[in-house]
Every structure is written in structure tokens, then in C-alpha cells.
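S.K.: Below you will find the structure I want to go over with you.
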Amino acid sequence: MEILDLGVRSYAEVLSFQRALAADRISGALPHDVLVLVEHPPVVTLGRREKDNKLPVGAKFLASRGIELFEVERGGGVTFHGPGQLVGYPIFDLRGHREDLHWYLRTVEEALIRGLAAFDIPAERNDGFTGVWTRGRKIASIGVHARSWVTWHGFALNVTTDLSYFDLMTPCGIDGVVMTSVAKENPGAGATVADVAPRVADAFAELFTMEQVWTRVTGPLQSEPAAVAGEAQLSR
């Protein structure tokens, strides 16, 4: 598994990049799984579950706040991405793991739960919902898409996120949900996205039984994503 650390990137740029990576993984041009890790500037995304896209403000209002708006193919409802949030896009071929999307979602949740345990945060699932909670508050959202058993889109884990952005919406369409973050649950840890990312990556590597190789991408994303993701030699 190659971990592509993209730093801070626009949502549009990374959306195109992960779609291209997924196409390469489906075709076989990309021979190994990739976990893209990134932070985004403020952006609201709408998922395929229309009834859960509870966003009472429009694109014009969001733009006045410096927030972009995208409607995408992932599952789930409306959510927010922004600074201080670890966003991960696993481009995984489940044919090499287990051809079961429910198993995949539960395994992504478990990776986040294990990553949070490193910061003394007792995370857990919430029956009937996808994502990760702690002490009754939601700390991570998950929304994925898959074709030919290859996944893209992924998770968003609040680390030092400004949680007031979630007041603009009903996150994931869950009435009454309270969002939280690593900083709010354990302020003494002083954890940053850079601190949390390796812990989450370790959990992914363990749960999906893969070695990990990190690639830091600082320049523009390549028009041929497989060329970037293929820089490392990997084993699984």
C-alpha cells in the first residue's frame, strides 16, 4: 500500500486525482492499493443519498463564507471538509481483500477507532449509522463509492477542525448529531493532523494486511496518476 501524503489541496484537484487513480486500479495500470491523505480548504460535499443532504443554505451563501460546494458520487449525505481534518481516500481493490462493501466499511471504521485509541479517545461505532463516535458524539464520517470492487472517496476525521462549520448543515443527515474532534475530546494531547495520520495509516496497514510506503507529493498532481503512485515498490 502506498500512502500518498498530499498536504493541503483543493477538493476539485483531489477529486479528479482519486477518480483517475481508481480508473487505473480497475484497469490494472496501477498494480497496488493506495491511501491518499489530504487536508482540504473549506468545502461542503453532497452525497448520493438525497434525503440526507440537509443543507438549508445555498452555494451563494457558502461562497460568501469562502466555502466551495460539490455534489459527488459517494454514499451518504452532506458533510464538511476543512483545515484540521484528516481526509483519507483509500483506492483499494477489494478483490485482493474481501468482496464485501459492508465488511469494508466496518474495517475503515475499525482503522479510525484504533487510530484514535493512540490519543486516549474511546471511539466506537453507532448501530444503524456509518462512521465513528466517541462518548455519543460523532468524530469521523465515512462515505465511499466502488466499481468493479475498487473503492474511492473515504473518510474524514476531525482533528483540530473548526466545528462551527457543521452548524450550516445537518451532518450526514442525522438529526440531532453532535460533531466533535480530537482536540475537543483530548485537548491535552495537542494532536495535529500530522500526528494522527501515521496512526491511522498504521491501522489500515494492519487491518488490510499490507506493508506501507509513504510518498510525499509536493508539486502539482500528475495528469497520469499511476505515474505518481507507482514510484514505490510495494508488497502485500
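Residue numbers (my numbering): 220 to 455. Ideal Cβ positions, reconstructed from N, Cα and C, are used throughout, including at glycine.
#1: Specify the secondary structure class of Leu254 as computed by DSSP and reduced to three states.
#2: Is DSSP giving Asp224 helix, strand or coil here?
#3: Just verifying my parser: in three-state terms, what is the DSSP assignment at Gly373?
#4: Which of the three DSSP states, helix, strand or coil, is assigned to Glu343?
#5: Check this for me: beta carbons of Arg435 and Gly334, under 8 Å apart or not?
#6: List in chain order: all unbroken beta strand (DSSP E) runs of 3+ residues lying wholly within the stretch 414 to 440.
#7: Among residues of its own chain, excluding the 5 on either side of Arg344, which ones have a beta-carbon nearer than 6 Å to its beta-carbon?
#8: In this structure, how does DSSP classify Arg244 when only helix, strand and coil are distinguished?
#9: Are the Cβ atoms of Ile310 and Asp346 separated by less than 8 Å?
#10: Run through DSSP, which three-state label would Glu292 get?
#11: Does DSSP put Ile332 in a helix, in a strand, or in coil?
#12: Using three-state DSSP, classify Trp322 as helix, strand or coil.
#13: Using 8 Å as the cut-off, can you tell me whether the stretch 425 to 439 makes contact with the stretch 395 to 410, which would need three or more C-beta pairs spanning the two stretches below that distance?
#14: May I ask you to list the residues that DSSP assigns as paired with Thr298?
#15: Below 8 Å between beta carbons: does that hold for Ile340 and Val401?
#16: List the residues that DSSP assigns as beta-bridge partners of Ile393.
#17: According to DSSP, Met398 sits in a beta bridge with which residue or residues?
#18: In or out: Asp312 buried (at least 16 other Cβ within 10 Å) or exposed?
M.R.: Based on what the coordinates show:
#1: strand
#2: strand
#3: strand
#4: strand
#5: no
#6: 432 to 435
#7: Glu328
#8: helix
#9: no
#10: coil
#11: helix
#12: helix
#13: no
#14: Thr264
#15: yes
#16: Paired residues: none, contrary to the question.
#17: Lys357
#18: buried
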